[in-house]
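Chemist: Just so you know, the sequence shown maps onto residues 126 to 573 in our numbering. Beta carbons are placed, not taken as given, at the ideal position from N, Cα and C, and that holds for glycine. Remember, predicted model here, so these are calculated numbers, not experimental data.
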Amino acid sequence: MGLTGIQIFKLLPKTNCKECGVPTCLAFAMNLAAGKAELSACPYVSEEAKALLSEASAPPIRPLAIGSGENVVKIGGETVLFRHEKTFVNKPGLAVLISDTLPEAEVNGRLKRFKELKYERVGLTLRPEMVAVKNESGDPGKFEALVKKVKAETDAALILMSDKVENLAAGVKACADRVPLIYAVNNGNGEALAKLAKENKCPLAVKATSMESLAALSDKLTAAGLKDLVLDTGSRTLRKAFEDQVFIRRAALLQKNRSLGFPTIAFPCEMTKDPMKETLIAATLVAKYAGIIVLSDFQGEILFPLLVERLNVYTDPQRPMMMQQGIYPIGNPTETAPVLITTNFSLTYFIVSGEIESSRVPSWLLVMDTEGLSVLTAWAAGKFVGDAIGAFVKKSGITEKVKHRRVIIPGAVAAVSGDLEEELGKDWEVRIGPREAAHITAYLKSGN
Ligand code: SF4
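1. To which residues does DSSP link ARG531 through a beta bridge?
2. Measuring alpha carbon to alpha carbon, tell me which residue in VAL538, LYS528, ARG530 and LYS519 is nearest GLU548.
3. Going by other Cβ atoms of all chains shown within 10 Å of its Cβ, with 16 needed for buried, is TYR474 buried or exposed?
4. Among the residues of its own chain, which have a CB less than 8 Å from the CB of SER478, if the five just before and after it don't count?
5. By how many angstroms is the C-alpha of MET255 removed from the C-alpha of ILE284?
6. Label VAL371 either buried or exposed according to how many other C-beta atoms from any shown protein chain fall within 10 Å of its C-beta, with 16 as the threshold for buried.
7. With distance defined between alpha-carbon atoms, name the residue in LEU137, PRO168 and LYS143 nearest to ALA158.
8. Only counting the same chain, and skipping five residues up and downstream in sequence, which positions put a Cβ closer than 8 Å to that of THR204?
9. Would DSSP call ILE406 helix, strand or coil?
10. From this set, GLY543, ILE390 and PHE429, which residue's C-alpha is nearest ARG246's C-alpha?
11. Just to confirm my understanding: we take VAL538, look at its own chain, exclude 5 residues before and 5 after, and list those with CB closer than 7 Å. What are they?
12. Between which two residues does the beta strand (DSSP E) containing THR467 stretch?
13. Name, in chain order, the residues that DSSP records as bridge partners for PRO454.
14. Over the uninterrupted beta strand (DSSP E) stretch that includes ALA257, give me the two end residues.
15. Measure from the alpha carbon of PRO253 to the alpha carbon of each residue in LYS240, SER262, PRO265 and LYS259, then state which is nearest.
16. In angstroms, rounded to a whole number, what distance separates the CA positions of ALA348 and VAL411?
17. Using a Cβ cut-off of 8 Å (strictly closer), state whether GLY536 contacts chain C.
18. Which two residues bound the contiguous alpha helix (DSSP H) that contains SER542?
19. Work out the CA separation of ALA391 and LEU356 for me, nearest whole Å.
20. Mind checking SER165: buried by the 16 CB within 10 Å criterion, or exposed?
21. Would you check if the distance between the CB atom of ALA408 and the CB atom of LEU432 is smaller than 8 Å?
22. Let me confirm a value: ALA340 is counted as buried when at least 16 other C-beta atoms fall within 10 Å, else exposed. Which label applies?
23. With 16 as the cutoff for other CB atoms within 10 Å, does MET126 come out buried or exposed?
24. Quick one, which of SER262, LYS135 and ALA282 has its alpha-carbon nearest VAL198's?
25. Quick check on the DSSP output: the alpha helix (DSSP H) that includes LYS267 runs from which residue to which?
26. Give me the DSSP bridge partner(s) of ILE418.
27. Can you give the Cα-Cα distance for GLU561 and GLY536, rounded to whole angstroms?
28. Looking at LEU329 and LEU293, is the spacing between their C-beta atoms short of 8 Å?
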């Protein structure tokens, strides 16, 4: 169990110097106890106190990484129950299950879909990251060969699943540099798998059928020096899996229960045979609170909604997704191409730029920093008004790219045109574009 705020406070310097960003040592202690501050933010903690506080200042859910290179899946590290309190930080890894009993064509199909199902959205690439390789054949050679194949053909972060320690050892040997998750310790194999995980510096999954035995197993492994654990409660129904996820998150955050302070893994693939139901179960677990979600297969209609849901749930609700302020050329524009202006809210940018692209009229799009607000919201907040837009246009550098002096503003803010003309001066013509982005294509095609 972690220390309380008062217990932590007793170990702090009590000078209230504010250097940690809060007004008092007591406030800092409370934040530390709640997992909302890092001990390193106070430069004056003694070494002795640091040692005592290390447990209290550790994140309530241990963060860990699976995989290597660019596709490292980070899970855990969460500090809140609800995303309106603070953003969720490490989105769940989405894995496809591939068994060594599957026909080769099916294995190849799943790997192909793993590689190809990627989507561009609001400037990000949405994709699955993990492959769970399962040793159902019981044959170490078959398992090792499949692990090698998945490793060679993909950049996937790997989960190695087997009931047999020696088969897991063969799998780990084939991909130790990929830092796979070894699945899973149960009551009988703890010592051997702990040794395998330690020797290869791999995270280890722990599976039990009750919360008590799960906590006991995780305590045993922690005492043996293993830190990177992933919990599987063994539940294979939606209701129980959902309850378990919530129980673990609450125990770790509210009760500071270190035995359950680890990310989790869930298996919708073992909860139903109906792909639609499986997707709905996975969607529930994206929201509440799985660290890894293993699916039986990836299909576009299953994966895309989960990826978008995951993006939305794990985006900071207090910080809009923003584009960089600047000039965005669309379709190789020349010095006579139209100049349009919009705000830097990502969704606005992608909708507007998409419409411009659809028109096939090469254009310059000026994107103005409005702190991520959309056009009307930015206007209402006084951030997308005539003088501000004019100042931005003048310093944007667009006059070096076009020889005309015409700028098209969104129709929704037509009211700013007078102020904008005044700010830009008589050389400039301000044109009012369509109110709706959907009409930009027709507007540009008509020669405006
Ligand atoms: Fe107290 Fe340290 Fe914060 Fe200063 S920086 S107020 S000493 S906790």
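Modeler: Taking the structure as given:
1. GLU554
2. LYS519
3. buried
4. TYR453, ILE455 and LEU490
5. 7 Å
6. exposed
7. LEU137
8. ALA159, GLY160, LYS161, PRO184, PRO185, ILE186, LYS211, VAL214 and LEU378
9. helix
10. PHE429
11. VAL500, TRP504 and PHE509
12. 464 to 468
13. TRP489
14. 255 to 259
15. LYS240
16. 31 Å
17. Among the protein chains of the structure shown there is no chain C, as only one such chain exists.
18. 542 to 549
19. 9 Å
20. exposed
21. no
22. buried
23. The pLDDT assigned to MET126 is 48, lower than 50, so where the model puts this residue is not dependable; a value taken from the coordinates is nonetheless given after this. MET126 is exposed by the Cβ-count criterion.
24. ALA282
25. 265 to 278
26. LEU219 and ALA391
27. 7 Å
28. no
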